[in-house]
Structure formats: structure tokens, C-alpha cells
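Below is one structure, written out as C-alpha cells; the observations come after it.
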Amino acid sequence: MGPVLAGVLQLLALAAALALAYKPLGAYMAKVYSSDKHLRVEKWIYKGIGADPDTEMRWPAYLRGVLAFSVAGVLFLYALQRLQGVLPGSLGFAAIDPDQAFNTAVSFVTNTNWQSYYGEQAMGHVVQTAGLAVQNFVSAAVGIAVAVALVRGFARSRTGELGNFWADLVRSVVRILVPLAAAAAVVLVACGAIQNFSGIHEVGQFMGGTQQWNGGAVASQEAIKELGTNGGGYFNANSSHPFENPTPFTNLFEIFLILLIPFSITRTFGLMVGSVKQGYAILATMATIWLGFVALMMWTEFSHHGPAFELANGAYEGKEVRFGVGASSIFAVSTTLTSTGAVDSFHSSFTGLGGGITLLGMMLGEIAPGGVGSGLYGMLIMAIIAVFIAGLMVGRTPEYLGKKIGSREIKLAACYILITPALVLVFTAFAMALPTPANSMTNSGAHGFSEILYAYTSGANNNGSAFAGLNADTQWFNTTIGLAMLLGRFLPMVFVLALAGSLAGQKPVPATAGTLRTDKPLYTGLLVGTIIIITGLTYFPALALGPLAEGLA
3 MGPVLAGVLQ LLALAAALAL AYKPLGAYMA KVYSSDKHLR VEKWIYKGIG ADPDTEMRWP
63 AYLRGVLAFS VAGVLFLYAL QRLQGVLPGS LGFAAIDPDQ AFNTAVSFVT NTNWQSYYGE
123 QAMGHVVQTA GLAVQNFVSA AVGIAVAVAL VRGFARSRTG ELGNFWADLV RSVVRILVPL
183 AAAAAVVLVA CGAIQNFSGI HEVGQFMGGT QQWNGGAVAS QEAIKELGTN GGGYFNANSS
243 HPFENPTPFT NLFEIFLILL IPFSITRTFG LMVGSVKQGY AILATMATIW LGFVALMMWT
303 EFSHHGPAFE LANGAYEGKE VRFGVGASSI FAVSTTLTST GAVDSFHSSF TGLGGGITLL
363 GMMLGEIAPG GVGSGLYGML IMAIIAVFIA GLMVGRTPEY LGKKIGSREI KLAACYILIT
423 PALVLVFTAF AMALPTPANS MTNSGAHGFS EILYAYTSGA NNNGSAFAGL NADTQWFNTT
483 IGLAMLLGRF LPMVFVLALA GSLAGQKPVP ATAGTLRTDK PLYTGLLVGT IIIITGLTYF
543 PALALGPLAE GLA
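Here the sequence shown is numbered in the working numbering, starting from 3 and rising by one per residue.
Structure below.
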């Protein structure tokens, strides 16, 4: 079997598995967030944190819950890293430096999981399991909660109430993420991923000396790392490490976990707003972009010119031979079109245009299908922009799901789509203009510029993957990328929740003959075009200086 055919067959198997899970998981999540009953374990949690899950919140109160919980997470994880040297199970590792501890705490709380350290050489068992793994669950749950609040904004009318943040958070963890992650961890262990709390072992001979490996609760962290679109690896090699990703089957299974909730939550959206067709329209938009990017990536990585590429039947540099070019291409697109950031190959070693595709996937806002929760609310913001553009074309006040899109709504949506590009481009400009940050670049020219651009794109979009050529463990990058992650996560949430409150307070508008049908293929095409054009106009100059210049050289 040729490598191209193998890649296509894996893509078809992945699509079939996602299709089988779509309806049951999407319907189950809709029931979770529509139920007025609480499980016994949930009641214990509410009592422990002093929350009343039946109290409805308006958007400012919901936002305060999001921010308070996240600030507490940053402080706890920062303290855990700074105290690592005196904690049990630290494997002898010292406390993490202040700037790196800040960066890592922000990274995992914002669902970014950017790592400027070697996981197996820096973090002990307590920090990995009680700190990083816990944040993998709750940071994903925060994203889902904000998405559900926006969906309620569309579904409700004449009220500013969006549900209860603490109830949405706890239900996301207890009823969705923990059961699915536990099942996924069992599959990974059965296929060879490790799961233990062993210490450091010296194994074999390497360059005249011994090589050291430490164990850890890898399978359980790997499961939620992919399922929650987190991406932070137990080991520096991330999902290319055989302890995290042992076989071609586990590689495909991990891609399935990455895409499972972001695609399925579109059905949750359709059921909660009372129209499954609207969910299918959002799903079709996401799937069209995802499949298009996979096809482009396979083309660039299989068809690049040059004798070495032709002899190897593809661009194999930086790719795991266990997985090959096809599976690596699917993984790279899936991890950058979501906010996962896990890697089974090194994006810096992709062809120039291939690296540009990973960059562009993040620049779209990671909405196809996007991160857990964040992908849905990002796509719904773009849906509002699309109906606004359509309304301008025909001279009619735009409507979406029975809600008028007025000046307040479009201003909030515009702020949402502008904040992340501003963070990326401003931080990149400063890093290129100042003399010290450029010293961290491994490469010069267009590829070196791509390293810097990729780092801030990854941070501000809460992706977390790296171009693998930038020394980001400096005070400048730890601090500025940390700020980009913080602002890129929580400022958009402010606009999303404010928009949700505005929509929930509206009186529904009845559909008429002039209403744009947003559940038809025409609208799906308009939405895809809107996403591509807005991103292209924003980022094209930067892409032209980096991956496009390298790819066309």
C-alpha cells in the first residue's frame, strides 16, 4: 500500500468514527446542559465551593465566575511549581524559575499548554498530576461553559440570564470529560502507553553514557490532553514520544479524541436552539475547512519537488516513521485548527507551505472545529459577521436564529475578531524590532521570522504548539507569550459573554420571506468565504514575509 493511499484510508476511517459518535455525544451534552437535576457528587462539590447551582447568572456575574476561577488556578499552579523542590514525588527536580512558572501556570489555565521546558526533565509527579492534569480538565470545562452560555443567549429571549457558571463547569468535568478521558486512558494503556509513578531509570548506552527516563501517569494525562484540546505533553517530544503515542492506531485514536467534542458540540448547539439544521450548517462549515486544509497539507508534503522528496515519496524530515507523512499531515492540521497544540511531528521541519498551513489554521481563530467550547463560540461570532455582511448586500437588518444583529452586537463581534490578530502582530513586531529576542531564533531569514510569528500566533490563539526552532525559555518570551495567552483567552470571553447577554435580552424576530436562511448550503459557503477573507486580509502581509516567501523560494 502506498503512503498516499494509507493517508487517505486513515482520513476516511477517522471521518467514519467521528460520524458515528456525532449524534449520541452531541445529544448527551445537550441533555447535560438542559437538565435541572444534580448528581450526588456534584452536590458535594457545590457544597465544598459554596456555590448555589440553581441561581441564574447574568453575563457580568457569569464572567466574574470565569475570571475568579481562572485567577485562582493560575495562583495555585504557580505556587505548586515554585514549591516543587520541597514536595514529595518531585523526582529530585528543583523549583521552577519565576518567569517560567508564570508562563506555565498561565499556559495550562488558559487551555494553551505552551511549554518552554522539557517535561521529563523539569516537572515531578505532583506538579504533573495535581497541577497540570487537573488544569487540563477544568480549563477545557471553562471553554465549554462559555460556549453553552452563548448558545443560551440565542435560545432564550427577554431575559439576561445565561445559566450558572459553577453548574456548567462542574457538569462539564463530572459528566463529560472525566468519563470520556477515563475510557480513553484505558484504550491508550491497552495499546502501550505507560501509566505509573516510577522514578528515574537509567537505560542502555547512549553516546558512551547511560540514558535516563522517568515514568509517570502518562496515559491518563494524554487522554485529557487530546480530549480537552489541551496539548501539553508529559515528555518534550509530545505525541511523537512512544510512551505517549506508541502505535499508528493510538496516533489515529488521539486525532479522534482531539476532534470528538469540537465537532459533536455543533449538534448540542442545534438541539439547544431548537433547530438541528443550524447545527448541521455550523458542522458543514467546520468540516469543509478541516478537509480542505488536510488535502492541502497532504499535497504539499507528498508533492514537494526535489530528488530527496521524490526518492522518499514525501517530505519525511521531522516526521515519525511509525506514522508517516499522511498521518502526520492529518495530525498537524487537526491540532492547529483546534486549540490542542499537541504534535506527532515537528512543524518547523514541514515544507515552507506546509508550515504556513499550520500557521493559517491557528490564524483562522481555531474554529474548524476549534477548541473544546472555544471553537463553537468562535464560529458563532463569525456566523454573526457573515449575516451582517449578507444584510449589507441586500439592504436589510441582519438576523441570526431569530435575533437582530444591531450595532451593539456587531461591535462586540468586531472586537472579538480584532483582539487576537492585534496581540499576534504587535508582539511579533516588538520581538523582531528589539535586539535580544531575535537571539532566540535558530534560523535566519523567512524561516526565522516564521518561528517568532508562530510562537505568538500559538500563544494568543491558545494553541500551544511550537515551530520547534525557537528558544522560548527566556524572560522576554516567557513573559510576553504569557501575556499573549492571558489576553488572548479572557478578553474574547468578555465580548462573547456580553454578546450572549445582549442576545438573551432580545425579543425574538419572526422569520419572513426576506430572512436569510442560515441552514442552507448557500450560507455555509458565505460563512467559509467570510472566514478565509477576514483572515487573509489580516494576516497576509505577515504570511508573505514568512512561510509564503520560504515556500515559493
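Cβ atoms here follow ideal geometry from the backbone N, Cα and C, with glycine treated the same way.
These figures come from a predicted structure and were not determined experimentally.
Run of the alpha helix (DSSP H) containing Q12, from where it starts to where it stops: Numbered from its first residue, the sequence shown carries residue 12 at position 10. Looking at the DSSP string, the run of the alpha helix (DSSP H) that includes Q12 is 5 to 36.
What number of angstroms, rounded off, separates the C-alpha of V148 from the C-alpha of G230? Within the sequence shown, numbered from 1, the residue matching residue 148 stands at position 146. Within the sequence shown, numbered from 1, the residue matching residue 230 stands at position 228. Spanning the two alpha carbons is a distance of roughly 14 Å.
Distance check for Y402 and A555, CA to CA, integer angstroms please. For the purposes of this step, residue 555 is taken as the residue at position 553 of the sequence shown. For the purposes of this step, residue 402 is taken as the residue at position 400 of the sequence shown. For A555 and Y402, the distance between alpha carbons rounds to 44 Å.
Under three-state DSSP, which class holds R60? The residue labelled residue 60 in the question sits at position 58 within the sequence shown. If DSSP states are grouped into helix, strand and coil, R60 belongs with the strands.
Span separating the alpha-carbon of V10 from that of I263: By one-based count along the sequence shown, residue 10 stands at place 8. By one-based count along the sequence shown, residue 263 stands at place 261. Computed Cα separation, rounded: 23 Å.
Coarse secondary structure for K413, derived from DSSP in three states: On the sequence shown, position 411 is the one that residue 413 refers to. Helix at K413.
Quick check on this structure: which residue in N247, T252, M495, T114 has the alpha carbon closest to the alpha carbon of G233? As a working note, residue 233 is residue 231 in the sequence shown. For the residues N247, T252, M495, T114, the minimum Cα distance to G233 belongs to T114.
Give the DSSP bridge partners of H203, in chain order. Residue numbering aside, residue 203 sits at position 201 when the sequence shown is read from its first letter. According to DSSP, which records beta bridges pairwise, H203 is partnered with W215.
Can you tell which of T290, A21, G52, F104 has its C-alpha closest to the C-alpha of V76? Taking the sequence shown and counting its residues from 1, one reaches residue 76 at position 74. The shortest Cα separation from V76 among T290, A21, G52, F104 belongs to F104.
Looking at the structure shown, is M443 part of a helix, part of a strand, or coil, going by DSSP? Numbered from 1 along the sequence shown, position 441 holds the residue referred to as residue 443. M443 falls in the strand class under three-state DSSP.
DSSP state of E319 mapped onto helix, strand, coil: The residue you call residue 319 lines up with position 317 of the sequence shown. Three-state DSSP puts E319 in coil, outside helix and strand.
Just the C-alpha distance for L414 and A370, rounded to the nearest angstrom, thanks. Taking the sequence shown and counting its residues from 1, the one referred to as residue 414 is at position 412. Taking the sequence shown and counting its residues from 1, the one referred to as residue 370 is at position 368. Whole-angstrom Cα-Cα distance: 21 Å.
Same chain, Cβ closer than 8 Å to I196, neighbours up to 5 away in sequence not counted: Within the sequence shown, numbered from 1, the residue matching residue 196 stands at position 194. So the qualifying residues of the chain are G217, G218, V220, A221, F245.
Using CA atoms only, rank isn't needed, just tell me which of I533, T252, A143 is closest to A329. As a working mapping, residue 329 is identified with position 327 in the sequence shown. A329 has its Cα closest to that of T252, out of I533, T252, A143.
Beta-carbon proximity check, V34 vs R173, cutoff 8 Å: To locate residue 34, count along the sequence shown from 1; it is residue 32. To locate residue 173, count along the sequence shown from 1; it is residue 171. Yes, the Cβ-Cβ distance between V34 and R173 is below 8 Å.
Within 8 Å, do at least three Cβ pairs link the segment 338 to 348 to the segment 23 to 37? no
Just list the residues that DSSP pairs K405 with in beta bridges. Position 403 of the sequence shown, counted from the first residue, corresponds to residue 405. In the DSSP output, where bridge partners are listed per residue, K405 has Y402.
Provide the residue(s) that pair with S460 in DSSP beta bridges, ordered along the chain. Taking the sequence shown and counting its residues from 1, the one referred to as residue 460 is at position 458. Paired residues: none, contrary to the question.
Nonlocal neighbours in the same chain, by C-beta distance under 6 Å from T106, ignoring five residues either side: Mapped onto the sequence shown, residue 106 falls at position 104. There are no such residues.
In whole angstroms, what separates the C-alpha of A433 from that of P439? As a first step, residue 433 must be located in the sequence shown, where it is residue number 431. As a first step, residue 439 must be located in the sequence shown, where it is residue number 437. Cα-Cα distance, rounded: 5 Å.
Could you name the residues of the same chain whose beta carbon sits closer than 8 Å to that of F95, not counting the 5 residues immediately before and after it, in chain order? As a working mapping, residue 95 is identified with position 93 in the sequence shown. Here the set comprises Q86, G87, Q123, A124, M125, G126.
With H, G and I counted as helix, E and B as strand and the rest as coil, what does DSSP make of E228? The residue you call residue 228 lines up with position 226 of the sequence shown. Here E228 sits in helix by DSSP.
Go ahead and pull the three-state DSSP assignment for S347. On the sequence shown, residue 347 is found 345 positions in, with the first residue counted as 1. Note: S347 maps to strand in three-state DSSP.
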